[in-house]
Amino acid sequence: MNREFYVVGLWALLLGGLGISSGDFFRNEGLRARIAWTMARDGLTVVPRLDGEWLASKPPLAYWLVALPARCFGDLPLALARWPSVAAFVFMTVGLAVVVSRLHGRAAGLIAGLFFPMAVGWLQQVPAAELDMLLAGWVFASWAALAVALNYEDQNRPDCSWPWWLLAGMMAGAGFWTKWTAPLFLHAAIVAMAIWHSRVRWLFQRGHLLCMAAEVALGALWLTASTREVGLNVLLEGVVVREALPHLSPWHHLGGWKWGDWLTFPMQAIGMGLPVVLGLVFAFRRDLRDAIFTSFLAKVLLAGAVASLVAWTLVPGHRPRHTVPSVIGLSMVGAWLIALAMIQLPKRLWLIGAVVLCGCWLLVLVGFNRTRDLAAQAASAPANVANRIVQRIGSDTTVGVVGLRDDGLLLQLERRGVEIQRHRNGGGAVDWWLLTHLEEDLARIGLKVAGDWTDQQGNSIVLIRIP
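In terms of our numbering, the numbers along the sequence shown are unbroken and rise by one, the last being 530.
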């Protein structure tokens, strides 16, 4: 392996791992990590579970990847909860560098690998105990396999293409076990490429059918295992009623279609890829455009990114983070074009430019991680609130909760030996309760307040003890 690949791999690992222990279990990270911790403590399940409730709205693969090592170590620190996002990030960065270097030379591969990680969206996504970057890793793998398959199809060599079609379907199927939307990104790329090349027959050939068969098989495996575990009614409630309809149907989404979003949403998503996505402007140079589109991977990345971004724009329940694989594709093409433009400069000039830009990005990353650390030092940070509660009640204690949804705080309590019991109606035989009611309201009904804090959302929470 060329030394440039080691440089790119270490660069991606540095950017992804630099803040792997910074901050705290804020926002969704607390929820994802707590679900994984529940699996580590109580055993792996196909359908995630939390506080005694089945959460069929998400598949289990990302939680398994965190729960297995947490089970071995007996704890779930930030670094362990975030490692899958870093691994996916390094895989995609090195994969891009390898492809570009083989097509355009080692210098181009090095530049593309150094510049691809420079996007503001990755600051929030890597490292993070979230699903989106891991999903993007599976989508990139499926797109790469699709590019090889279509290259063989273009050469009229279907006997060589079908294994790659199958691999693309398997990667999308594995992504399905991470997040339901993985096949959308693959088939958006397939349809867009068929239209781009005027080869609609690709959609009906053996290779594409094998691809879909692999996805269906992996999806059926999940469906069968989940149904046996929780029953079909629970599964339909979680997947269809709570997840699919509110996101996909304007009649079930709280706000319906917001026509203004059709213009602003793509801009928000593309903004996640800044500044590297600005490299797309080099596509207006015909020589660079012709050079990059000699590769089917570049075409698949661009086609899949644009088509999936359009699809997510039309869906009423969209968020910018849903489009992370789309932004990955655009950013990769942007970094690719930047690399082709820079290698036309004298070596010393592009090398100095790359070093300066990498140094500037490191400063940005250090500053961002510093803000995370400052947030973790706040009195309302989950770890700090958990420490104060444990000082008051001790470990190996059971605490009841009703409406409190600060999963970062609850996870930090569980890591310190506190058992959390959620009671939907407020009843339960526990001495300590952690509630969201205001202190004066509790005083009126004669309950003794043992502590008063705020959670990470700034809401008042109180610790009370039942006499």
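Every residue, glycine too, gets a C-beta built ideally from N, C-alpha and C.
Where residue 479 sits in the DSSP three-state scheme
Reduced to three states, the DSSP call for residue 479 is coil.
Neighbour-count burial assignment, residue 441, 16 or more Cβ in a 10 Å radius:
Burial call: exposed.
Proximal residues to residue 308 (C-beta, below 7 angstroms), its chain only, five neighbours per side dropped:
Beyond the five residues adjoining it in sequence on each side, residue 308 comes within less than 7 angstroms, by CB distance, of 315 in the same chain, given in chain order.
State the CB to CB distance for the pair residue 270 and residue 224, rounded to an integer number of angstroms; the pair is presumed to be in contact (CB under 8 angstroms).
5 angstroms between Cβ atoms; contact.
Closest by CA to residue 91, which one among 445, 483 and 303?
For residue 91, the closest of 445, 483 and 303 by C-alpha to C-alpha distance is 445.
Residues bridged to residue 536 [DSSP beta-bridge criterion]:
No statement about residue 536 is possible, as the shown extent of the chain runs from 64 to 530 and does not include it.
Excluding the five sequence neighbours on either side, which residues of its own chain have a C-beta within less than 6 angstroms of the C-beta of residue 557, listed in chain order?
This structure gives no information on residue 557, because the portion of the chain shown stretches from 64 to 530.
Validate contact between the stretch 514 to 529 and the stretch 461 to 477 using beta carbons, cut 8 angstroms, 3 pairs:
In short, these stretches touch, since the Cβ pair count reaches three.
Cβ neighbours of residue 255 in the same chain (closer than 8 angstroms, five flanking residues each side left out)
Correct list, in chain order: 366, 367, 369 and 370.
Contact check, residue 496 vs residue 451, beta carbons under 9 angstroms:
Contact: no.
Please name the residue, chosen from 237, 212 and 262, that lies closest to residue 282 on a Cα-to-Cα basis.
Nearest to residue 282 by alpha-carbon distance, out of 237, 212 and 262, is 237.
Throw me the rounded Cβ distance for the residue 567 and residue 226 pair, which I believe falls under 8 angstroms.
The structure shown does not extend to residue 567, since the chain is modelled only from 64 through 530, so no value can be given for it.
Proximal residues to residue 192 (C-beta, below 6 angstroms), its chain only, five neighbours per side dropped
Here the set comprises 92, 95, 96, 144 and 145.
Span of the alpha helix (DSSP H) around residue 413
Counted as a single uninterrupted DSSP element, the alpha helix (DSSP H) harbouring residue 413 occupies residues 410 to 439.
Buried or exposed: which applies to residue 86, given that a residue is buried once 16 or more other Cβ atoms fall within 10 Å of its Cβ?
Flag for residue 86 reads buried.
Every unbroken alpha helix (DSSP H) within the stretch 265 to 314, with a cutoff of 4 residues, ordered by chain:
Taking only runs of at least 4 residues, the alpha helix (DSSP H) segments lying wholly in the stretch 265 to 314 are 269 to 293, 295 to 299 and 308 to 311.
For the pair the stretch 206 to 218 and the stretch 355 to 365, tell me if three or more CB-CB distances fall below 8 angstroms.
Using a Cβ-Cβ distance cut-off of 8 angstroms, the stretch 206 to 218 and the stretch 355 to 365 are in contact, since at least three pairs of beta carbons, one from each stretch, lie closer than that value.
Tell me the start and end of each unbroken alpha helix (DSSP H) in the stretch 64 to 112 that is at least 4 residues and wholly inside, in chain order.
Contiguous alpha helix (DSSP H) elements confined to the stretch 64 to 112 occur at 66 to 80 and 91 to 105, taking only those with 4 or more residues.
In terms of alpha-carbon separation, which member of 180, 259, 480 and 401 lies closest to residue 73?
Of 180, 259, 480 and 401, the residue nearest in Cα terms is 180.
Pairwise C-alpha distance: residue 243 and residue 275
If I take the Cα positions, the gap works out to 15 angstroms.
Grab me the residues of residue 108's own chain with a C-beta within less than 8 angstroms of its C-beta, minus the 5 sequence neighbours each way, in chain order.
Around residue 108: 102, 123 and 292.
Strand pairing of residue 497, partner residues [DSSP]:
Under DSSP, residue 497 forms a beta bridge with 464 and 526.
Where residue 382 sits in the DSSP three-state scheme
Of the three classes helix, strand and coil, the one that applies to residue 382 here is coil, per DSSP.
Burial state of residue 355, where buried means 16 or more other Cβ atoms lie within 10 Å
Classification of residue 355: buried, given that the 10 Å Cβ count is 16 or more.
Could you tell me the alpha carbon to alpha carbon distance between residue 494 and residue 486, rounded to whole angstroms?
Straight-line Cα distance between these residues: approximately 13 angstroms.
Is DSSP giving residue 193 helix, strand or coil here?
Of the three classes helix, strand and coil, the one that applies to residue 193 here is coil, per DSSP.
For residue 435, collect the residues of the same chain with a Cβ closer than 7 angstroms to its Cβ; drop the 5 residues on either side in sequence, then sort them by chain order.
These residues qualify, in order along the chain: 82, 85 and 86.
Could you round the C-beta distance between residue 278 and residue 246 to whole angstroms and report it? I think they count as a contact, below 8 angstroms.
The C-beta distance from residue 278 to residue 246 rounds to 5 angstroms, short enough to fall under 8 angstroms.
Drop a sphere of 10 angstroms on the beta-carbon of residue 259, count the other beta-carbons inside from all chains shown, and report buried for 16 or more, exposed for fewer.
By the neighbour-count rule (16 or more Cβ atoms within 10 Å), residue 259 is not buried but exposed.
Buried or exposed: where does residue 164 fall if 16 or more other Cβ atoms within 10 Å of its Cβ makes it buried?
Buried, by the Cβ-count rule.
Please name the residue in 218, 498, 337 and 469 whose C-alpha comes closest to that of residue 520.
Residue 520 has its Cα closest to that of 469, out of 218, 498, 337 and 469.
Residue 485 (DSSP reduced to helix, strand or coil):
Three-state result, residue 485: strand.
Buried or exposed for residue 188, please, with buried defined as at least 16 other CB atoms from any protein chain shown within 10 angstroms of its CB.
Classification of residue 188: buried, given that the 10 Å Cβ count is 16 or more.
Nearest residue (CA-CA) to residue 152, options 76, 110, 396 and 139:
It is 76 whose Cα lies nearest to the Cα of residue 152.
Please classify residue 117: does DSSP put it in a helix, a strand, or coil?
Residue state, collapsed to three classes: strand.
Within this structure, are the beta carbons of residue 249 and residue 202 separated by less than 9 angstroms?
Cβ distance < 9 angstroms, so residue 249 and residue 202 count as in contact.
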